[in-house]
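First up is the structure itself, then whatever we jot down about it.
2 protein chains.
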Amino acid sequence: MDKVYLSVDLGGTRIRAARCRAAGTIEARTEQFTRAEDGANAVVERIAESLRVVWPAKGKVASIGVGVPGPVDPFTGVIFLAPNIPGFVNLPLRDWLQAIFKVPVVLGNDANLAGLAEWRYGAARGHGHVVYLTVSTGIGGGVIMGGHLLVGSRGLAGELGHVKIDYHGGACQCGSVGCIESIASGTGMVRQVRERLAAGEKSRVMEIVSGDLDAINVEAIARAAEQGDALANAVLDNAFYALGMAVVSFLHTYNPSLVVIGGGVSNLGERMFTPVRDTVMRHVMDPAYVCPIVPAQLSSDVGLLGGLALALDPPPQSSH
Amino acid sequence: MDKVYLSVDLGGTRIRAARCRAAGTIEARTEQFTRAEDGANAVVERIAESLRVVWPAKGKVASIGVGVPGPVDPFTGVIFLAPNIPGFVNLPLRDWLQAIFKVPVVLGNDANLAGLAEWRYGAARGHGHVVYLTVSTGIGGGVIMGGHLLVGSRGLAGELGHVKIDYHGGACQCGSVGCIESIASGTGMVRQVRERLAAGEKSRVMEIVSGDLDAINVEAIARAAEQGDALANAVLDNAFYALGMAVVSFLHTYNPSLVVIGGGVSNLGERMFTPVRDTVMRHVMDPAYVCPIVPAQLSSDVGLLGGLALALDPPPQSSH
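As you go down the protein sequences, you meet chains B and H in turn.
The numbering used here puts the first residue of the first sequence at 1, with every later residue one more than the last.
The numbering used here puts the first residue of the second sequence at 321, with every later residue one more than the last.
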């Protein structure tokens, strides 16, 4: 009989869990608030509680895959850090959950797992070498090479938002400068618009948000751009040129057969994809590197499907 | 009995070939000029001739590994392009050699193979996840992930010299702008010094090369820098800061346990390694990414050992 897998999508706001089959079907699901302010032990207990809700009445669980909002070591099952969950620092979540449930547990970074989900169930099915980017408030990534998630020596590979695209550039929230995230993420674009407004430039964005600087978001910038606003278009153009240049770097370093872009900013559709693709065509070093750049297909279940995909195909238990 | 492998190091100037054992011992070798101007057929015939010279009198050859100065598809054995060998365009060298010698032949890009050689026989022995950079007239790379050469969907991965570090920056010889090669390669540094001299800046470099602009090279720049020359130090500082930032990107994208840097520029020793390491420590997003950054160990045989390493462990024959 078809094996049963459990999947957990741990977020800063919500904990989702599901009972799944390898084909990508979700048979049961549950959701609750993370309430990270209650501390690490309470959050771990909520994860366990969610797993009990979806645990099958009969039959066995083959394994449990958990997506975590921060860097994790898949070899040791330790969460280095989850920026949105205070207390999740060097937390051995895998061993804690295995001690409770007595089945294999495997952890992965949420952006990595979103890439894995798109590869197994979404836009990248059938491709062996895939670069996945999520462009949202931040920029994250996941890389599939030869049909396996690229994790590197400590599970930290694929941190695609923090490649340097502007080595003498402005500050990034990671503490360094010039990362693609600081230019092409939603947060980065909003910051650039605010800075230029503060410097005295004019933009329709201000009317769209009724003069409330704090209300500026990517949708407002995109609306202003659509109406022909010069400042909004300049910020979007620069961001998507930068994103295209980062994609060129990824083509040269990973040589994927497909690039998938998801996340909130990708909902701008062709306003984002067209300049990214144009930049790639202009700047790639050889046409042999060119590959399709397509939107992600999975929506709100991408996290649960990522945990499932990881449970099905955990990284080899070696490191170094 | 221990198997015999043949290795070819095809360069724009010289063709080297050797008879080897898996341990990295070279039992016989030969070398001749490539004389690329004679055309592709003549060069292929010279490769075959070199292989006949080192062919064992008795016993079998297990396989032949060939390093090529340009992008190759390891799955089809076709050389896309060898910039220094006119006529080597979409050349099915693997099949040609297999037809002649009736043993398995495998092709790889020379910088990729240098990384593979450092991993199997040099500075990166015992590491499963390695980023290798050669910083010379250009910048090339080779990446080992999980004990295998990362080749990507068409064998083009690891082209580390053409990551974008300055997205609004100056021209690179690849036809694009802002590549790390354009800033931190020997050619890039020499160009920057010449441009600043042409703009009227003064430098001791001019005395060192006796006023001959064409004689400016990395050694002359380094000598001037050592003597306290401001222009020379500024160019080196900027180049090695840029190189360090590129290494930060590689740590974030590949998460290696070791970075190896070879090539002519790396002979500057601590004048290069110290600023690169300092930049990494300052700009990496989390200390968990930090790993040693060490000099390459193999010298002129790196190409032959790379071909041997590839022959021993060819990439899986699948793609996409």
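Yeah, the Cβ is synthetic: ideal placement off N, Cα and C, and Gly gets one too.
How many angstroms separate the CA atom of VAL471 of chain H from the CA atom of GLY448 of chain H?
-> If you number the second sequence from 1, residue 471 of chain H lands on position 151. If you number the second sequence from 1, residue 448 of chain H lands on position 128. Their backbone Cα atoms lie some 15 Å apart in a straight line.
Can you tell me whether DSSP reads GLU45 of chain B as helix, strand or coil?
-> Working through the first sequence from its first residue, we reach residue 45 of chain B at position 45. Helix.
Beta-carbon of LEU156 of chain B versus every beta-carbon of chain H: anything under 8 Å?
-> For the purposes of this step, residue 156 of chain B is identified with residue 156 of the first sequence, where counting begins at 1. Output row for LEU156 of chain B: interface = yes.
PRO391 of chain H versus chain B: which residues are under 7 Å apart at the beta carbon?
-> Walking along the second sequence from the start, residue 391 of chain H turns up at place 71. Under the 7 Å cutoff, chain B gives ASP286 and ALA288.
Could I get the ranges of all uninterrupted beta strand (DSSP E) runs contained in the region 49–121 of chain B, with 3 residues as the minimum, in chain order?
-> 61–68, 78–81, 89–91 and 105–109
Could you please tell me which residues of the region 389–417 of chain H, in chain order, have their CB closer than 9 Å to any CB of chain B?
-> PRO391, ASP393, PHE400 and LEU401
Taking only the alpha-carbon atoms, compute the straight-line gap between LEU213 of chain B and ARG440 of chain H and give it to the nearest angstrom.
-> In the first sequence, counting from the first residue as 1, residue 213 of chain B sits at position 213. In the second sequence, counting from the first residue as 1, residue 440 of chain H sits at position 120. Cα-Cα distance, rounded: 57 Å.
For PRO406 of chain H, collect the residues of the same chain with a Cβ closer than 7 Å to its Cβ; drop the 5 residues on either side in sequence, then sort them by chain order.
-> Numbered from its first residue, the second sequence carries residue 406 of chain H at position 86. Taken in chain order, the residues that qualify are ALA356.
Output, in chain order, the set of chain H residues within a Cβ distance shorter than 8 Å of SER176 of chain B.
-> For the purposes of this step, residue 176 of chain B is taken as residue 176 along the first sequence, with counting starting at 1. Those within 8 Å of SER176 of chain B in chain H are VAL568, ARG602, HIS603, VAL604 and MET605.
Mind listing the chain H neighbours of THR253 of chain B? Cutoff is C-beta to C-beta under 9 Å, in chain order.
-> Within the first sequence, residue 253 of chain B is the residue found at index 253, counting from 1. Per Cβ cutoff of 9 Å: GLY461, VAL463, LEU470, GLY472, ALA477, GLY478, GLU479, LEU480, HIS482, VAL483, SER569, PHE570, THR573 and TYR574.
At a Cβ threshold of 8 Å, is TYR452 of chain H touching chain B?
-> The sequence position of residue 452 of chain H within the second sequence is 132, counting from 1. False, the Cβ-Cβ gap to chain B never drops below 8 Å.
What residues are listed by DSSP as bridge partners for GLN352 of chain H?
-> Residue 352 of chain H sits at position 32 when you count from the first residue of the second sequence. Looking at the DSSP assignment, GLN352 of chain H forms a beta bridge with H:ILE335.
Measure from the C-beta of ALA242 of chain B to each C-beta in chain H and report whether the shortest distance is under 8 Å.
-> Against the first sequence, residue 242 of chain B aligns to sequence position 242. True, the Cβ-Cβ gap to chain H drops below 8 Å.
Chain H contact for ASP166 of chain B (CB, 8 Å cutoff) | Your numbering for residue 166 of chain B matches position 166 in the first sequence. ASP166 of chain B counts as touching chain H.
Tell me whether GLY584 of chain H sits in a helix, a strand or coil according to DSSP, three-state version.
-> Start at 1 with the first residue of the second sequence, and residue 584 of chain H comes out as number 264. The answer is helix: DSSP assigns GLY584 of chain H an H, G or I state.
Could you round the C-beta distance between PRO391 of chain H and LEU401 of chain H to whole angstroms and report it? I think they count as a contact, below 8 Å.
-> Indexing the second sequence from 1 puts residue 391 of chain H at position 71. Indexing the second sequence from 1 puts residue 401 of chain H at position 81. Indeed they touch by this definition, with Cβ atoms about 6 Å apart.
Name the chain B residues whose beta carbon is nearer than 8 Å to that of PRO634 of chain H?
-> Taking the second sequence and counting its residues from 1, one reaches residue 634 of chain H at position 314. Near PRO634 of chain H there are no residues of chain B at all, since even the closest Cβ is about 13 Å away, more than 8 Å.
Does DSSP classify ILE607 of chain H as helix, strand or coil?
-> Position 287 of the second sequence, counting from 1, holds the residue named residue 607 of chain H. One point to set straight first is that residue 607 of chain H is Pro, not Ile, in the sequence displayed. Reduced to three states, the DSSP call for PRO607 of chain H is helix.
Just the chain B side, please: which residues come within less than 8 Å of MET565 of chain H by C-beta, in chain order?
-> Position 245 of the second sequence, counting from 1, holds the residue named residue 565 of chain H. Those within 8 Å of MET565 of chain H in chain B are LYS164, TYR167 and GLY178.
Please confirm if GLY508 of chain H has its CB atom under 8 Å from at least one CB of chain B.
-> To locate residue 508 of chain H, count along the second sequence from 1; it is residue 188. So no, GLY508 of chain H is outside the interface.
LEU149 of chain B - DSSP class collapsed to helix/strand/coil | Stepping through the first sequence from its first residue, residue 149 of chain B is reached at position 149. In this structure, LEU149 of chain B counts as strand in the three-state DSSP scheme.
Limits of the alpha helix (DSSP H) - the one that SER249 of chain B falls within = Translated into positions along the first sequence, residue 249 of chain B becomes position 249. Taken as a continuous stretch (DSSP letters only), the alpha helix (DSSP H) holding SER249 of chain B covers 230–254.
Thinking just about the alpha-carbon of each residue, which of B:ASP38, B:ARG196, B:ALA22 and B:ARG29 is nearest to the one in PRO13 of chain B?
-> If you number the first sequence from 1, residue 13 of chain B lands on position 13. It is Thr, not Pro, that sits at residue 13 of chain B in the sequence shown. Comparing Cα-Cα distances from THR13 of chain B to each of B:ASP38, B:ARG196, B:ALA22 and B:ARG29, the minimum goes to B:ASP38.
Mind pulling the chain H residues with CB within less than 7 Å of GLY263 of chain B?
-> The sequence position of residue 263 of chain B within the first sequence is 263, counting from 1. Those do not exist, as GLY263 of chain B stays about 18 Å from chain H at its closest Cβ, beyond 7 Å.
How many Å lie between ALA559 of chain H and VAL525 of chain H at the Cα?
-> Taking the first residue of the second sequence as position 1, residue 559 of chain H is located at position 239. Taking the first residue of the second sequence as position 1, residue 525 of chain H is located at position 205. Their Cα atoms are separated by approximately 17 Å.
Reduced DSSP category for ASP329 of chain H - H, G, I as helix; E, B as strand; rest coil | Against the second sequence, residue 329 of chain H aligns to sequence position 9. It is a strand residue.
From the beta carbon of GLY428 of chain H, is the nearest beta carbon of chain B less than 8 Å away?
-> Taking the first residue of the second sequence as position 1, residue 428 of chain H is located at position 108. No, no contact with chain B.
Around the C-beta of GLY307 of chain B, are 16 or more other C-beta atoms found within 10 angstroms, so that it is buried, or is it exposed?
-> Walking along the first sequence from the start, residue 307 of chain B turns up at place 307. Buried, since its Cβ has 16 or more Cβ neighbours within 10 Å.
Just confirm the distance between the C-beta atoms of LEU371 of chain H and PHE421 of chain H, as a whole number of angstroms; I'd bet it's less than 8 Å.
-> As a working mapping, residue 371 of chain H is identified with position 51 in the second sequence. As a working mapping, residue 421 of chain H is identified with position 101 in the second sequence. Indeed they touch by this definition, with Cβ atoms about 7 Å apart.
Given that a residue counts as buried once 16 or more other Cβ atoms are within 10 Å of its Cβ, and exposed if not, what is GLY508 of chain H?
-> In the second sequence, residue 508 of chain H corresponds to position 188, counting from 1. When all chains shown are included, GLY508 of chain H counts as buried.
Return yes when the Cβ of CYS494 of chain H is within less than 8 Å of the Cβ of MET245 of chain B, no when it is not.
-> Position 245 of the first sequence, counted from the first residue, corresponds to residue 245 of chain B. Position 174 of the second sequence, counted from the first residue, corresponds to residue 494 of chain H. Cβ atoms of MET245 of chain B and CYS494 of chain H: not closer than 8 Å.
Compute the Euclidean distance between the alpha carbons of GLN352 of chain H and LEU433 of chain H, then round it to the nearest angstrom.
-> As a position in the second sequence, residue 352 of chain H is number 32, starting the count at 1. As a position in the second sequence, residue 433 of chain H is number 113, starting the count at 1. Spanning the two alpha carbons is a distance of roughly 21 Å.
Near TYR167 of chain B, which residues of its chain fall below 7 Å by C-beta distance, leaving aside the five closest residues on each side in sequence?
-> Along the first sequence, one-based indexing puts residue 167 of chain B at 167. Correct list, in chain order: GLY178.
Let me know if ASN90 of chain B comes out buried or exposed under the rule of 16 or more other beta-carbons within 10 Å of its beta-carbon.
-> Position 90 of the first sequence, counted from the first residue, corresponds to residue 90 of chain B. Exposed.
Between the C-alpha atoms of LEU330 of chain H and PRO389 of chain H, what's the straight-line distance to the nearest angstrom?
-> Against the second sequence, residue 330 of chain H aligns to sequence position 10. Against the second sequence, residue 389 of chain H aligns to sequence position 69. The straight-line gap from Cα to Cα measures roughly 7 Å.
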